[in-house]
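So the protein sequences, as listed, match chains A and B. The first sequence stops at residue 452 when you use this note's numbering, and every number in between is there. The second sequence stops at residue 1452 when you use this note's numbering, and every number in between is there. The beta carbon of each residue, even a glycine, is placed where N, CA and C say it ideally should be.
Number of protein chains: 2
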Amino acid sequence: MAPAPAAVTSAAVPIDGRPHVVIVGGGFGGVAAARALAKAPVRITLIDRTNHHLFQPLLYQVATAVLHPADISVPIRWLLRKQANVTVIMASVDTIDADHNTIALDGGTTTLAYDWLVLATGARHAYFGHPEWEHFAPGLKSLDDAIDMRQRFLLSFEAAERASAAAERDALLTFVIVGGGPTGVELAGMIPEVTKHALSGEFRRFDPAQARVLLLEGGPRVLPAFPEALSARAQRDLASLGVEVRTNCVVTAVDADGVIANGERIAAHTVFWGAGNQASPLGRQLGAPVDRAGRVQVQPDLTVPGHANVFVVGDMAATFTTDGAPVPGVAPAAVQMGTRAGRNIARALTGEPSEPFRYRNKGDLATIGRHRAVAVLAGRPLAGAFAWLTWLFVHLLYLAGGRNRVSVIVQWAWQYLTFQRGARLITGDTAHRLLRGRGTPGSPDARGQRAA
Amino acid sequence: MAPAPAAVTSAAVPIDGRPHVVIVGGGFGGVAAARALAKAPVRITLIDRTNHHLFQPLLYQVATAVLHPADISVPIRWLLRKQANVTVIMASVDTIDADHNTIALDGGTTTLAYDWLVLATGARHAYFGHPEWEHFAPGLKSLDDAIDMRQRFLLSFEAAERASAAAERDALLTFVIVGGGPTGVELAGMIPEVTKHALSGEFRRFDPAQARVLLLEGGPRVLPAFPEALSARAQRDLASLGVEVRTNCVVTAVDADGVIANGERIAAHTVFWGAGNQASPLGRQLGAPVDRAGRVQVQPDLTVPGHANVFVVGDMAATFTTDGAPVPGVAPAAVQMGTRAGRNIARALTGEPSEPFRYRNKGDLATIGRHRAVAVLAGRPLAGAFAWLTWLFVHLLYLAGGRNRVSVIVQWAWQYLTFQRGARLITGDTAHRLLRGRGTPGSPDARGQRAA
Chain A
1 MAPAPAAVTS AAVPIDGRPH VVIVGGGFGG VAAARALAKA PVRITLIDRT NHHLFQPLLY
61 QVATAVLHPA DISVPIRWLL RKQANVTVIM ASVDTIDADH NTIALDGGTT TLAYDWLVLA
121 TGARHAYFGH PEWEHFAPGL KSLDDAIDMR QRFLLSFEAA ERASAAAERD ALLTFVIVGG
181 GPTGVELAGM IPEVTKHALS GEFRRFDPAQ ARVLLLEGGP RVLPAFPEAL SARAQRDLAS
241 LGVEVRTNCV VTAVDADGVI ANGERIAAHT VFWGAGNQAS PLGRQLGAPV DRAGRVQVQP
301 DLTVPGHANV FVVGDMAATF TTDGAPVPGV APAAVQMGTR AGRNIARALT GEPSEPFRYR
361 NKGDLATIGR HRAVAVLAGR PLAGAFAWLT WLFVHLLYLA GGRNRVSVIV QWAWQYLTFQ
421 RGARLITGDT AHRLLRGRGT PGSPDARGQR AA
Chain B
1001 MAPAPAAVTS AAVPIDGRPH VVIVGGGFGG VAAARALAKA PVRITLIDRT NHHLFQPLLY
1061 QVATAVLHPA DISVPIRWLL RKQANVTVIM ASVDTIDADH NTIALDGGTT TLAYDWLVLA
1121 TGARHAYFGH PEWEHFAPGL KSLDDAIDMR QRFLLSFEAA ERASAAAERD ALLTFVIVGG
1181 GPTGVELAGM IPEVTKHALS GEFRRFDPAQ ARVLLLEGGP RVLPAFPEAL SARAQRDLAS
1241 LGVEVRTNCV VTAVDADGVI ANGERIAAHT VFWGAGNQAS PLGRQLGAPV DRAGRVQVQP
1301 DLTVPGHANV FVVGDMAATF TTDGAPVPGV APAAVQMGTR AGRNIARALT GEPSEPFRYR
1361 NKGDLATIGR HRAVAVLAGR PLAGAFAWLT WLFVHLLYLA GGRNRVSVIV QWAWQYLTFQ
1421 RGARLITGDT AHRLLRGRGT PGSPDARGQR AA
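This is the structure in structure tokens:
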């Protein structure tokens, strides 16, 4: 094992005879891997760039100012506080040297040696070769993403109240969502609820209900992973909320003025991105084959070819069901993979052979607005209010942290009783820069400093 | 009336025959002024740099990760949504031309004409001629301040878990609070509760309860506005929580390594400032006399000498009780002044003479830790659990927004039942810069970019 020159190894992690398992990423996969090793004779270091475990499936509700950021996140070290063999470290991992069993943290200032490595750093959104679009059309993966999206969303209305030209106001009140997968559908379905109810009566120059929401999907239908009948149902539900759904609609430009879709210019100051994913770039450092989305093509036991002590789980890993279909990038799959990786490490320590990963599909769910959803549960399609109640139940069940569950129930109940949105908070130094740039969130020529 | 060349006047505010009242600031004073004019034949434009009205008395609980930012704030336009004569605009005011009855917004790009002006932009913390100290010792006035303070507070523990040298870890776990007024006392009293209970068991290299909290007060006692017996009681209560209180202790340097107090160097990576206030600089533009803290010395009816149509209220105004004592910079005083200014405008419109402002002291309260407080109510001193319950009741009563009240009760109840802190969230791009700068929040030589 390579020497570890470093602060973190020598200090933060007491060295003893136990093998050292390093887990990178505190999302669903990483936490599941740590938990699967709770009783194993190992010492674990879990590293994450943030201090919180995030319930990603509800991120869109933070982005639309329905839930607080803290409602869908808990400190990772709080989650794992009772597991004495885990040390949680907040740091970013820059490089992996799988030949020497080390990783480098924080710009190479610290090196950490491992006996076993579990990589679970997920995916970011991808822009199909147009990284410059991100500036105008943010995606939704982290809490900072959601807070940024919420700020742009709320500032559009603030800027519209100040706008003097009708065309400018119309562009400020046009919201384009690119991508008709679950994230795009859920965002698109929530915006009309907020504009028609929560913001009602608060503006003097326009009615927020006149806001226009467009969902642009390049393929022939929204929710392509669902059965066709449910895609059609979701599209009807969205239309009944006032969302303009355009399928077979290809976006060829995204800039400060909006998008060009199927050759048509759509003037919109706010564009959200839900179209593509790209796995964390750490995976490419392993020397193993990756697929087009950058996911590592792992062995059946989730190890990396050529490195039997390195596992890749969750959205970073390309895996397949027993039918040969790709395992979807959803939370239950990440949990199952993390658990399998942890168990395989434990098995190796007792001399048992590793077991292959088998995905158990617990179903698919996507919610549309306030009380509609589509679902496939135990192979059966569901839609409408019952699917929505199922969605509610499942999400509350899996949301980590009892206090969060209570708080989410309070927020949701209050929202249903009053139609008010309480998480409508604009914070941060960038707000005024965005607001002043002719009210153009994301405008590249936005300038000016925040006043003292 | 001067012409208004501008987007805001011509567009956001429909012009009609009604006099135009411009209120700058959406805090306690500004909102009270708007409400006092609810039935007056005026059109009102309320301008604030943020989109939210803030319940400042609970800011310290956001800074210590007990409450969510959204728990103590509501959108200003939501608060005033039913008052049809108010238009709320999010913008920053740069200059006031009281001779021509105009203000300039957003770096001078927009000018707005008024018939009546109410200035209610409050105060910021002051550093006694050492503005460079702010970088190392942030104060607590805005929600962004509280989020910054929370980030530094939480990152200290994250960095301590990574620190290898004992001296570095000790400095990371030393919290210095400068200033023994209510803000300083409340911050100092809350930190031991968090370190001893909420963070308990989550770190592997140190016990958070070993964190050291010092409260440094330049004068002879903490809470100088309270009776001496209550100051002594507060000091005993703080000591019983483990806070080291030092009175007659003058800070002469604040830097990345800590402070120098009475000639002694105290190594501390986290220093919070609660020592001084400076009124918003807008007040100095009026050509009227200001006191040492920059507060405008207003007439008895709260108008500015020489400008009978300009009112200054809240922490920006220097006013006096009927006994000649200065009116304290507290929320009830700001509300009372805002109401008086609004009523005086309404009286002027019907030809009635203005009335002088008279401060009604509703009492003073400061809380210490989880269930202690000191108070003066109706002239009677109170301490202990009953004072604390009074504090709780009064704060819940005045907290704007029913949902917030529910949410705060949920957070507090949960915290009391479980000793957990749920709002322990580190967000924002600056976290990694702070964490990497040798774990030195606020270090001027902190460098490195956040990894992608």
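Residue range of the unbroken alpha helix (DSSP H) whose run includes residue i
i	result
E168/A	166-172
Q235/A	228-240
Q210/A	No alpha helix (DSSP H) holds Q210/A; DSSP gives it neither H nor E.
A1267/B	Element bounds for A1267/B: not the alpha helix (DSSP H) but the beta strand (DSSP E), 1264-1267.
L1155/B	1143-1162
I345/A	331-349
L59/A	59-63
V1031/B	1028-1036
Residue-level contact to chain A via CB, residue i, 7 Å cutoff
i	result
W1078/B	yes
R1343/B	no
H1197/B	no
R1081/B	yes
R1018/B	no
R1204/B	yes
Below-7 Å beta-carbon distance, residue i vs any chain B residue
i	result
E217/A	no
P69/A	yes
T87/A	yes
G184/A	no
G201/A	yes
E168/A	no
M149/A	no
Where residue i meets chain B, residues with beta-carbon distance less than 7 Å
i	result
P75/A	R1424
E228/A	Those within 7 Å of E228/A in chain B number zero; the least Cβ separation is about 38 Å.
Under 9 Å from the C-beta of residue i: neighbouring residues of chain B
i	result
N277/A	Within chain B, no residue comes near N277/A; the closest Cβ sits about 15 Å away, beyond 9 Å.
Rounded separation between residue i and residue j - CA only
i	j	result
L46/A	R347/A	20 Å
D16/A	D115/A	13 Å
G1306/B	A1288/B	8 Å
G329/A	D315/A	5 Å
H1020/B	V1093/B	17 Å
A209/A	K1039/B	28 Å
A198/A	G263/A	34 Å
I149/A	S142/A	The residue asked about is misnamed: residue 149/A is Met in this sequence, not Ile. Rounded to the nearest angstrom, the two C-alpha atoms are 11 Å apart.
H1269/B	I23/A	29 Å
A1167/B	G1218/B	27 Å
V1394/B	L349/A	59 Å
L238/A	L382/A	16 Å
R77/A	I266/A	45 Å
Chain A residues whose Cβ lies nearer than 9 Å to that of residue i
i	result
L1154/B	N51, P75
Paired residues, beta bridge with residue i - DSSP
i	result
L216/A	V178/A, R246/A
S73/A	L54/A
F1272/B	I1177/B
T111/A	A104/A
M90/A	D48/A
Q1299/B	DSSP output for Q1299/B lists no bridge partner at all.
H68/A	BP columns for H68/A are empty, so no partner.
T1095/B	A1104/B
H125/A	N277/A
Endpoints, the beta strand (DSSP E) within which residue i is located
i	result
A261/A	258-261
E1202/B	Per DSSP, E1202/B belongs to no beta strand (DSSP E) and is neither H nor E.
Q278/A	277-279
F311/A	307-312
A1084/B	Neither: A1084/B is in no beta strand (DSSP E) and is coded neither H nor E.
A1325/B	That residue, A1325/B, is in no beta strand (DSSP E); it is neither H nor E in DSSP.
Residue i: contacting residues in chain A (beta-carbon distance under 7 Å)
i	result
E1134/B	Neighbours of E1134/B on chain A: none; closest Cβ ~11 Å, over 7 Å.
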